[in-house]
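Going by the working numbering, 77 is the number at position 77 of the sequence shown; the sequence numbering is gapless.
Just so you know, even glycine gets a beta-carbon here, dropped at the ideal spot from N, CA and C.
Predicted model only: the values in this text are computed from it and were never measured.
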Amino acid sequence: MVLIVKKGTVPPTPHTEFYAIPKVLTREEIHGSYGFSGAWSRKVHVRSYPTEQVKPPRKADFSLAPDFPPEADVLQPYHIFTGRMPHEGDAIRGRKPIVHGTRTTLSISKPTESMPKETFFRNGERHEVYFVQDGEGVVRSEYGDLKFRKNVYVAMPKGTTYRIELASPKAWFLLVESMYPINFAPHYFNKEGQATLMSPVVETEIETPELPAYRDERGEFPVDVKHAGGKVTRITLGHHPFDLVGWEGALYPFVFDVKSHHGIAREIHTAPPMHQTFQSGNVPHSGFSLCSFVPVMAGWHPLEVPAPYAHFNVDSDELMFFCNPFYGAREGVVEEGSFTFHPGSTPHSPQGKAAERSLAARGKVQGRLAVMLDTYFESMRITTYGFVHRDPSYVLSWAETAPHAEAKGEGWESPSA
Ligand SMILES: [Fe+2]
């Protein structure tokens, strides 16, 4: 993150003697990315280093490693019904990878319960962004508490120790993981690191963690750490992991409401880069762009075709999550929670009569909401879980004879309405 944040109390000069409890020297930790060269935060632990394990590590009683069906090696687009997947478990144990690449993974988690009391999770190999499709609750980490609700992103840096507690009977998350840090798209920022006045995102609209009083507690505190391609190892700390007196820096969890992506329209069709919210890696050579398709006025040129063109982005696999069915190009094909996977090796386009239908939408705003991720030079594979929940007719849904649900051109409104 570009915004430097400070919470709690830290010594006025870094790496100097500091006490929160008389005669108990605090312990400093740097949580950093790209070695010592990327975004980092300074964490001040009240008494113990975060390295103190009191039991030998062991394999956790669950794994997050994906497996793949034989069909994953056949080139085809996929449509996965994540809305039809069952709710189960907690946010971590119920996490199901649906597409996976060497650097990026997308999963669905539909928990019905909070994580077990005083247990913690840490993704030790990938940065995370949760998109909350439904539910509310709180993500507690050493950085503090972040409340979440429907339609927000929760960004969680690699290496953060956290737990997820639900305040609703169930929740539904789309989870994006990347081996690289996930940040706002850097071209939205000026040389001073501030969002430009033309940017669709404003960095000061993020919500940062509320740091409660430190937990100075001894005991056994299990942390399930994901590493090495989805393996999970349980380590046991001898002190509560939420023991920070304070922290400061640029690497921390935050919430960003998708409504804070302020869409930009133009007279003719606007291509997805203007919908970009986050990016990860060394774009466009690696990593991905993550877009928020928020309601935006369709082009108002007198001959505008609001439906997108067919596109063949040969270096990108496109992954798209539909928060509602109001998406002109896929109307009659998708439902709430539909997830499409279009490999870069083939082009894709709207289905059926979407282009003709869209002519009536010139200058109108559709109540669509979708999250899209385009990888760069990374091929994704459908997992067995994703394959089980696929729409088997999707690959043939562009055929002239393909049956579609009735598309009514729903969800469009005039901007003044
Ligand atoms: Fe596309």
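Spatial distance of residue i from residue j (CA atoms)
i: V139; j: A250; result: 19 Å
i: G363; j: R357; result: 14 Å
i: T384; j: E217; result: 42 Å
i: H31; j: P295; result: 37 Å
i: T16; j: Q279; result: 35 Å
i: D315; j: P347; result: 11 Å
i: G83; j: S397; result: 20 Å
i: K191; j: V2; result: 11 Å
i: T119; j: D243; result: 15 Å
i: P157; j: P97; result: 19 Å
i: M380; j: K6; result: 38 Å
i: P57; j: I235; result: 5 Å
i: R27; j: R47; result: 6 Å
i: P11; j: Y309; result: 56 Å
i: L211; j: W247; result: 9 Å
i: T208; j: V201; result: 16 Å
i: F184; j: T401; result: 42 Å
i: V232; j: H342; result: 30 Å
i: R390; j: F321; result: 13 Å
i: G337; j: F81; result: 6 Å
i: F312; j: A355; result: 17 Å
i: A298; j: R95; result: 36 Å
i: I164; j: R368; result: 28 Å
i: R93; j: H127; result: 18 Å
i: S349; j: V225; result: 40 Å
i: V305; j: H269; result: 7 Å
i: D67; j: L319; result: 19 Å
i: A417; j: G8; result: Its pLDDT being 48, under 50, A417 is placed unreliably by the model, and nothing is read from it.
i: S178; j: M372; result: 15 Å
i: C291; j: T277; result: 5 Å
i: S114; j: A228; result: 26 Å
i: P392; j: Q351; result: 16 Å
i: W300; j: P181; result: 37 Å
i: E29; j: M85; result: 40 Å
Reduced DSSP secondary structure (H/G/I, E/B, other) of residue i
i: D90; result: coil
i: M297; result: strand
i: K191; result: coil
i: M156; result: strand
i: S358; result: helix
i: F387; result: helix
i: T443; result: With the chain running from 1 to 417 in the structure shown, residue 443 is simply not present.
i: G8; result: strand
i: K147; result: strand
i: G363; result: coil
i: S393; result: coil
i: G219; result: strand
i: A399; result: coil
i: T204; result: helix
i: A417; result: Note on A417: pLDDT 48, under 50, position unreliable in the model; no value is reported.
i: G83; result: helix
i: I186; result: A quick correction: the sequence has Pro, not Ile, at residue 186. Residue state, collapsed to three classes: helix.
i: V2; result: coil
i: K117; result: coil
i: K231; result: strand
i: E406; result: coil
i: S280; result: strand
i: S178; result: strand
Bridge partners - residue i, DSSP secondary structure assignment
i: H275; result: In DSSP, H275 forms no bridge with anything.
i: M372; result: C291 and M320
i: N123; result: K226
i: S41; result: H31 and G249
i: G135; result: Its beta-bridge partners do not exist; DSSP assigns none.
i: A25; result: In the sequence under discussion, the amino acid at residue 25 is Leu, which differs from the Ala named in the question. For L25, which the question treats as bridged, DSSP gives the partners Y19.
i: P97; result: S107
i: L166; result: G137
i: Y327; result: Its beta-bridge partners do not exist; DSSP assigns none.
i: I382; result: V99
i: S349; result: For S349, which the question treats as bridged, DSSP gives no partner whatsoever.
i: F254; result: A155
i: S338; result: F81
i: F173; result: S109 and V132
i: T161; result: R122
i: E142; result: Per DSSP, none; premise fails for E142.
i: T196; result: In DSSP, T196 forms no bridge with anything.
i: T236; result: K55 and P222
i: E210; result: D145
i: H311; result: H348
Unbroken stretches of the beta strand (DSSP E), 3 residues or longer, contained in the stretch 48-83:
53-59 and 78-81
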